[in-house]
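Some notes on the structure that comes next.
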Amino acid sequence: MSDGNVAAEQLRLFIERIERLEEEKKGIGDDIKDVYLEAKANGYDVKTMRAIVRLRKMERNARMEAEALLETYKNALGIE
Numbered sequence: 001m002s003d004g005n006v007a008a009e010q011l012r013l014f015i016e017r018i019e020r021l022e023e024e025k026k027g028i029g030d031d032i033k034d035v036y037l038e039a040k041a042n043g044y045d046v047k048t049m050r051a052i053v054r055l056r057k058m059e060r061n062a063r064m065e066a067e068a069l070l071e072t073y074k075n076a077l078g079i080e
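Note that the UniProt record's numbering has the sequence shown beginning at 1, numbered continuously upward.
Below you can see the structure in the form of structure tokens.
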């Protein structure tokens, strides 16, 4: 087998792996959407839940900095 065929085969395998992972990612995205819909049906505010998930992904210092900056902006605009 020539080097070109080996490289083409390796490339094809990489592409197929990526395609499978993209399908899994789509499936997981659909599952997450379903959980949010279920939470909404149980009376929870999805927008707030998404904000909490986003905050929990952040490191503690980054979250504290973001919250302090938000508080500073709110104070500057007279929002309580």
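Even for Gly, the Cβ is constructed at its ideal location relative to N, Cα and C.
- Fully contained in the UniProt domain "GapR-like DNA-binding" (7–78) are the following alpha helix (DSSP H) runs of length 4 or more, in chain order: 46–57 and 60–76.
- Rounded to whole angstroms, LEU70 and ASP45 show a C-alpha spacing of 21 Å.
- Each residue's CA atom was taken as its position, placing LEU55 and LYS47 some 12 Å apart.
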